[in-house]
Amino acid sequence: MRPRSIVVDLCGDALRHHGGEARTQALVDLLEVFGVGEPTARIVLARMRKEGWFDTRREGRQVVYALSATAWRVLDEGRTRIFERAREPWDGQWRMVIYAVPEQDRAERERLRRALSWLGFGPLATATWISPHERLAEVERALPDTSARLDLLTCRARDRATDLDMVGRCWDLDALGRDYRDLVARLEALPPAAELAALPGPEALRLRTGLVSDYRQFPFRDPDLPAELLPGDWPGRRAHELVVAAHAALAHPADAFVAAVLGRHAS
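Using full-length UniProt numbering, the first residue of the sequence shown is number 1, and each one after it goes up by one.
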């Protein structure tokens, strides 16, 4: 894992549960668990502050890094996409986003596509993306300052065969399914929950952070399709169950270790 990714995962899975702030040396000590040296840790933290992830303030001779309002929003949205799955029956309707971006504004086009992918939309055509979930309001919230023209529509396919054809055009479920099966195999090889819960704090933190880092890549590819649109043996459900179970088992030793490190530098 890259140092920056480790910081993001630590913020989203640990720091947010401890007030969302920590002194510099505490963060340096946490990053050391992952083999990140102090000079690199300080450089990464300073860069992320400039990017808007952190606000800082001085307390005597110490600098406190606090998650910014933007960081809280990003982390909250990320946690929802990673750990929550749609449970309600599908209403049979597609939510469609059609956008128009000036040809020269490639950066805005890429930002749009990345935001839509994160929200579970897939490209039916170059500038037409669809999702089976009611997330049009989330699109507007995610792109309040976009220069693109957005047309947000709700529609229904003629029949189920057309629904399935649209799924095949938007998402590569074969490749996604293979990657989920690989993930399931790795997760099933983990020790039982009781053994995970008994791991030393640093090891539990490394394992939990690695677990989240691996799994958070999937929401960009997995639209969380309703059962009606998935193969009967879809491995994504099993992968999600295993991730949630392992994450819960590792919570106590990992969080206790983080609390101890933060407490050591609190005064």
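Where a beta carbon is used, it is the ideal one built from N, C-alpha and C, also for glycine. Nothing here was measured: the structure is a model prediction, and the numbers come from that model.
Counted as a single uninterrupted DSSP element, the stretch harbouring A26 is not any beta strand (DSSP E) but the alpha helix (DSSP H) occupying residues 24–32. Around the beta carbon of A198, fewer than 16 other beta carbons lie within 10 angstroms, which makes this residue exposed. Membership of F54 in the beta strand (DSSP E) is indicated by the continuous run 54–59. Restricting attention to A46, M48, P3, the CA atom closest to the CA of G35 is found in P3.
Counting only residues of its own chain and dropping the five nearest sequence neighbours on each side, R238 has a CB closer than 7 Å to the CB of V184. Nearest neighbour of D224 by Cα position, chosen from A66, W53, T24, W118, turns out to be W118. A Cβ-Cβ separation of about 11 Å leaves A22 out of contact with L31 under the 8 Å criterion. For V212, no beta strand (DSSP E) segment is defined; the enclosing uninterrupted segment is the alpha helix (DSSP H) at 201–215.
If you ignore the 5 residues before and after F220, its C-beta comes within less than 7 Å of the C-beta of S117, W118, all in its own chain and listed in chain order.
By the CB criterion at 7 Å, A161 and L112 fall outside the cutoff. The alpha-carbon separation between T70 and A142 amounts to approximately 11 Å.
A residue is called buried once 16 or more other Cβ atoms fall within 10 Å of its Cβ, and D145, having fewer, is exposed.
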